[in-house]
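Chains A and B, in that order, are what the protein sequence lines are.
Numbering-wise, the first sequence is residues 91 to 740 according to the numbering used here.
Numbering-wise, the second sequence is residues 91 to 740 according to the numbering used here.
Below is one structure, written out as structure tokens; comments come after it.
Number of protein chains: 2
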Amino acid sequence: MTTTAPPTPSTAPAAVAPAAPTADAAVALRPVPSGEARITGGFWHERQDANRRQAIRTGYEKLETAGNLQNLRIAAGTATGEVRGPIFMDSDVYKWLEAAGWEYGREPDEEVLGWIREITDVVAAAQAEDGYLDSVQQVRGNGARYVDLPWSHEHYCAGHLFQAAVAIHRTTGETGLLDVAVKLADHLVATFGPGRTEEVDGHPVVEMGLVELYRETGNRAYLDLAQWFVDARGHGIIEQHGKEPTYFSDRVPVREATTVEGHSVRAVYLTAGAADVAAETGDAELLAALTRQWEGMTSTKTYVTGGIGARWDFEQFGDHYELGPDRAYAESCAAIGSVQWSWRMLLATGETRYADLVERTLYNAFLPGVSLAGTEYFYVNPLQMRAGAHTDEERSAAHGRRPWFDCACCPPNIMRTLSSLDAYLATTSGDGVQLHQFATGTVHADAAGGVELAVSTDYPWDGTVRVEVRGAGEGEWELALRVPGWAEGATATVAGEDVVATAGEYLRVRRTWAAGDVVELVLPMGVRVVEADPRVDAVRGAVAVERGPLVYCLEQPDLPADLVADDVRVRVAELRGARAEHRPDLLGGVSVLQLPVHRALGAASGPLYRPAADEAPEQAAPETVEVPAIPYYAWANREIGPMRVWLPRA
Amino acid sequence: MTTTAPPTPSTAPAAVAPAAPTADAAVALRPVPSGEARITGGFWHERQDANRRQAIRTGYEKLETAGNLQNLRIAAGTATGEVRGPIFMDSDVYKWLEAAGWEYGREPDEEVLGWIREITDVVAAAQAEDGYLDSVQQVRGNGARYVDLPWSHEHYCAGHLFQAAVAIHRTTGETGLLDVAVKLADHLVATFGPGRTEEVDGHPVVEMGLVELYRETGNRAYLDLAQWFVDARGHGIIEQHGKEPTYFSDRVPVREATTVEGHSVRAVYLTAGAADVAAETGDAELLAALTRQWEGMTSTKTYVTGGIGARWDFEQFGDHYELGPDRAYAESCAAIGSVQWSWRMLLATGETRYADLVERTLYNAFLPGVSLAGTEYFYVNPLQMRAGAHTDEERSAAHGRRPWFDCACCPPNIMRTLSSLDAYLATTSGDGVQLHQFATGTVHADAAGGVELAVSTDYPWDGTVRVEVRGAGEGEWELALRVPGWAEGATATVAGEDVVATAGEYLRVRRTWAAGDVVELVLPMGVRVVEADPRVDAVRGAVAVERGPLVYCLEQPDLPADLVADDVRVRVAELRGARAEHRPDLLGGVSVLQLPVHRALGAASGPLYRPAADEAPEQAAPETVEVPAIPYYAWANREIGPMRVWLPRA
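Printed below as a string of structure tokens:
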């Protein structure tokens, strides 16, 4: 096939959510559209409000001041000058557009719609007659195309455009950006694939974008091309450009890979896209390969926060068990990619472990990437900061959150994730409704003739999740609530009757429901102390503290002036008794854990290396000091200073 | 001052050794010229032989094939084409020339001298009329000069030229390269400094080079410029170029710095040059600042091997105690810079701790950088390699030694260090002779009217160092032998009589000597087990094993097939009883340590993160397996695989 028929966009959106499988897709679960699953209050709602009020507005301005929009105008010939920024500048525009689209779906807003239309016009004007679109390449490359796909990000930008166009079409019904996307996608279909140009982009994401565009338009050519892009990797294409293929997720075929490696964002964007392909093609072999890789990632290459990517150099996954907390790269975008991948694995399989990782990653690897005010971002998310010789200014410059970046991939990526977060709450399956994430809100699902749920919870501070059936549907149907893997000892009642809740499984209740029926799930909110596989050398002899879905840390502003976070030692049995205390005044309102800790002894004396004692020596004072641990996501919202997730044993 | 008088090179070399202080220098000790201190047999002699037979010859060829010499020819106008390689390509030529110069001093060789002359002609031809010389900049920069000193390495190349010219002049007496160096130095003096161009190079080394050129020529202007370059740093010059100054050793003035930071090679080249300046100017304040920084480095930022530089990203020192063994960068060049700095601190102060670090670094951070055959190099020297998912091919590509590098700073740097190693053996001071490093060889010193010593030892395998006085000199004089800081329990005899030897001090014997008098120092060669300051998170709960000056490691080829190095656990008390066994057949002849180790239990099962036990759980089998540990310097001379310096406690 060398050309494709013009697509016929459906007039009604397929689903107002990202990753919306077609009716034919091989999935166990189907998303409930955001807009049908709504977060209406509580923890995440506050973040979404800040995202709407502050971040998306600021992002709109940044696209202008950082030069992204001007680049497109220059490409369109409506402005002159040099294009600015990295080669993938257009992708920031598309991620912002996607965020604005989902945000419009959360709550229609004429101003946001106006921005979407305005920027869509800018994008459309830049597109070449034949559909090609990449402003930086169009201008800097003097019209040359695809000459260095490993680095040029031309497909990467396209993928983000497709995702944005689909989001806007699903939430607004408008086809302006979708028309641009389709024109570009048709150009890609005409240009790439077997017997055409057999090249792949160095940075995956086009795979997810093409599958979503297929879902939105019904044009099978997009799915075919996505499938080809997935299967073309690992066969030496990148190496033909003289580049080392691991970084580009091109060392081994996706079907043969046993773990994740190379650039972490590239790796998980690819696996997320491959999961979309597997779902739409019913490819069990591909799904099995992705399952293997997901298990490889979570068993050897994931921080306790859910963050991924251990290496600053080339932003890569490291070796197995290379998970040093101090230099954790754990890019915010990698956390987002991980959530996207796990979400697709959840849809495909219906297994709670994927929703568990979504939860862990959202709270502890994604959320730390944005300030409490919603306006400043971390690109890199270390799990430890030492007291150092560096000045505060320098430490802040190295590690503080920033309003934007020269490489600004993370901020609009965070925006679009917060805007579409409602979609991760719940799914449907046949005559069932599954609740995966816990937030105050409502779920309307088309199971059993129409089900309506109202969820209320103070999660993550409190473990009680109350689900009231407001629309009871017709006949028997199953309500399933995820009981997180961490929630050993969870209890539940259905209409006042005790039922068994097992950690790591769904609490499944099948019955004929009546409006007003209540399911109450009570998750144990005691302090959990965890340690790592002994092969994680970097945290040997240390433990981390969790409560509910949250990973905690000690941050210097909460410690006595004479106790540096570096010198804290802990005893596990003592930590288990730590009290939680909700502090509405602190960091936007957090539950702190009052940890009894010990002061390290002798740390400040002696040479760097010294004769070893027969047994690891006693290094802590016997008495305890009570210090509040804060949720890790909330760190670095005060002065930047020493912080630790992993606490050495006394 | 805007110009300088032409220098009058002294006809007789000042000292046939690097870092040769003038008679006026404020130093406690003075080098014995290499050629007067000679390594004639044993451990280091074998390495020097390989360096002479293989490396320097190969290096000569590489300068041609990698394009370094061609670059100079293009700059000279005697060849055409594009210059190749990084901006500092000339420096590889100069480091090789320096190596050849010192090598000629070790043993005159007409072929080597021929190469020196040939390449000197190539260099001289490229030099501009006014003395400027930098082939890559001359060609690529189209004649522009010093437009981007933070990155251009123009002074860096000059510094290496000066060191080479001085070496060749000291050992051959020939002035060809010295003339080039003087012409370039005069150009620098005319161009840079107060009231002239007030800029500094992003990569120090010109400071050492200028001081040495001052020592060789007597031209004070070179010392003045070196002093200005040292003092100009830390005042915002690099920041004016829009660059973050830490990396370039330009964040704080040298006199105010309390530790080392930024790019590790830059940092220690600067401090070494500053130590030269302090010696020649008698600047006690500067020396005190350098002492503080050296203490900062050794107390918080040095690997147990002596290696420095924890970060792959930007090749930097990390924070205090950021010393992860798996990702240790520990660049070979940084080890060399550390040796150069410590050597200069030793000359300035006469304190054994500096010679201790020279020893530790030479054996365990410098030597691992070159293969046993002397022909392949490590740029990066990790202290640990895990069994990983990566293929052997990939692991080898990432970590194997290579014959050369695109950025080939390390190979010729290693060559010049091995060629000049004799110089680090001994010093003189008034009527004393000090022996700092232990190798079979001879020392002629001009103390007491002429002293001659013959040293014989099987160091580092055996701890006995026998020093025979062959030329007894006149009257009383003092022989001082360094007793390493690690050598608790050392014993000694002088002419058969016991004397006290104290670890970390000189064994000082003042007497009227007779030819045939023997001092015998016996260093304890038991296994030493060391642990790190508890603030070194990355090796918490682990110990390292040393014997004599050597740090040991476990490498997979020496382990049973069913025991991966990652899974070894140790008990300190058991390790202390480990037997040493000399294996002439293994790795060029090494003493292995037969370590009783335990097998980790349960490591392969369970999730990555798990509920923590109250006490760190028993994780090792009770029975021991005896496995040979090899000296760390010898690793990666067989197949590349798992390796560990730090062994977790059972």
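C-beta atoms are modelled at their ideal positions from N, C-alpha and C, and glycine is treated no differently.
Treat the numbers as computed from the prediction; the structure is a model and nothing was measured.
request  = Please report how far the alpha carbon of VAL641/A lies from the alpha carbon of ASN454/A, in whole angstroms.
outcome  = For VAL641/A and ASN454/A, the gap between their C-alpha atoms comes out near 6 Å.
task = Return the CA-CA distance between GLU334/B and ARG572/A, expressed in angstroms with no decimal places.
result = 48 Å
request  = Give me the Cα-Cα distance between PRO639/A and ALA663/A, rounded to the nearest whole angstrom.
outcome  = 21 Å
task = Could you tell me the distance, in whole angstroms, from the CA atom of ARG637/B to the CA atom of GLU466/A?
result = 52 Å
message = Once DSSP output is grouped into helix, strand and coil, what is the label at THR94/A?
response = Reliability fails at THR94/A, whose pLDDT of 38 lies under 50, so the model's placement of it is uncertain and the value that follows must be treated cautiously. Correct three-state label for THR94/A: coil.
task = Name the residue from ALA719/B, VAL609/B, ALA593/B, ASP536/B whose alpha carbon lies nearest to the alpha carbon of ALA127/B.
result = Ranking ALA719/B, VAL609/B, ALA593/B, ASP536/B by Cα distance to ALA127/B puts ASP536/B first.
ASP588/B in three-state terms, based on DSSP = strand
ask   = When burial is assigned at 16 or more other CB atoms within 10 Å of the CB, is GLY692/A buried or exposed?
value = With fewer than 16 other CB atoms across the displayed protein chains lying within 10 angstroms of its CB, GLY692/A is exposed.
task = Assess, as a yes-or-no matter, whether the segment 290-304 of chain B is touched by the segment 314-328 of chain B under the definition of 3 or more beta carbon pairs within less than 8 Å.
result = The segment 314-328 of chain B, when compared against the segment 290-304 of chain B, does touch it at the 8 Å Cβ threshold.
request  = Say yes only if the C-beta of THR602/A is nearer than 7 Å to one or more non-hydrogen atoms of the ligand NAD, and no if none qualify.
outcome  = Absence of the ligand NAD is noted for the structure shown, with no ligands found whatsoever.
query = Between the C-alpha atoms of TRP603/A and GLY563/A, what's the straight-line distance to the nearest angstrom?
reply = 7 Å
query = Does the count of Cβ pairs from the segment 122-141 of chain A and the segment 507-527 of chain A closer than 8 Å reach three?
reply = With contact defined as three or more Cβ pairs closer than 8 Å, the segment 122-141 of chain A and the segment 507-527 of chain A are in contact.
Neighbourhood of CYS423/B by C-beta, 7 Å cutoff - its chain only, sequence neighbours within 5 removed = Within its own chain, the residues whose Cβ lies closer than 7 Å to the Cβ of CYS423/B, once the five positions on either side in sequence are excluded, are VAL355, CYS499, CYS500, ASN503, listed in chain order.
inquiry  = Is it buried or exposed, ARG417/B, if we count other Cβ atoms within 10 angstroms and call 16 or more buried?
reply    = buried
inquiry  = Please return the same chain residues whose Cβ sits closer than 6 Å to the Cβ of ASP482/B, not counting the five positions on each side in sequence.
reply    = Confidence in ASP482/B is poor, its pLDDT being 48 and thus under 50, which makes the residue's placement unreliable; the coordinate value appears in the next sentence. Here the set comprises nothing.
query = Does the separation of the CB atoms of LEU543/A and GLU558/A fall below 8 Å?
reply = yes
Strand pairing of CYS643/B, partner residues [DSSP] = ILE720/B
query = What is the residue span of the alpha helix (DSSP H) that THR390/A lies within?
reply = 374-390
ask   = Can you give the beta carbon distance from ASP139/B to ASP180/B, rounded, assuming they're within the 8 Å contact cut?
value = Not quite, the Cβ-Cβ distance comes to about 29 Å (not below 8 Å), so this is no contact.
ask   = Taking just the CA atoms, how far does VAL715/A sit from GLU713/B?
value = 40 Å
query = Of all the CB atoms in chain B, is at least one closer than 8 Å to the CB of GLY283/A?
reply = no
task = Go through the segment 289-350 of chain B residue by residue and report every complete run of the alpha helix (DSSP H) that reaches 4 residues or more, in order.
result = 296-307, 310-322
message = Using 8 Å as the threshold, is the C-beta distance between ARG728/A and LEU644/A below it?
response = Remark: C-beta atoms of ARG728/A and LEU644/A do not approach each other more closely than 8 Å.
query = Is the CB-CB distance between LEU187/A and ILE164/A below 8 Å?
reply = no
inquiry  = Quick check: the segment 653-668 of chain A against the segment 608-628 of chain A, are at least 3 beta-carbon pairs closer than 8 Å?
reply    = Touching, per the Cβ criterion.
key: Proximal residues of chain A, C-beta to C-beta of SER389/B below 8 Å   = Residues of chain A whose Cβ lies closer than 8 Å to the Cβ of SER389/B are, in chain order, PRO697, LEU698.
message = Just verifying my parser: in three-state terms, what is the DSSP assignment at THR361/B?
response = helix
query = In chain C, what lies closer than 9 Å to GLU621/A by C-beta?
reply = Included in the structure are the protein chains A and B, with no chain C among them.
query = So who's on the other strand from VAL533/B, going by DSSP bridges?
reply = According to DSSP, VAL533/B shares a beta bridge with ALA127/B, LEU543/B.
inquiry  = For VAL682/B and LYS391/B, what's the separation of their Cα atoms in angstroms?
reply    = 28 Å
query = Who are the neighbours of HIS410/B on chain A, taking C-beta pairs under 8 Å?
reply = ARG476, ALA477, GLY478, ALA479
key: Distance CB(THR395/A)-CB(VAL429/A) smaller than 8 Å   = no
key: Inter-stretch contact at 8 Å, needing at least 3 Cβ pairs: the segment 234-241 of chain B / the segment 326-345 of chain B   = yes
inquiry  = List, in chain order, every chain B residue whose beta-carbon is nearer than 9 Å to that of THR392/A.
reply    = LEU698, TYR699
task = Determine the chain B residues that contact ARG739/A at a beta-carbon separation under 7 Å, and present them in chain order.
result = ALA706
inquiry  = Helix, strand or coil for GLN144/B? Go by DSSP, reduced to three states.
reply    = helix
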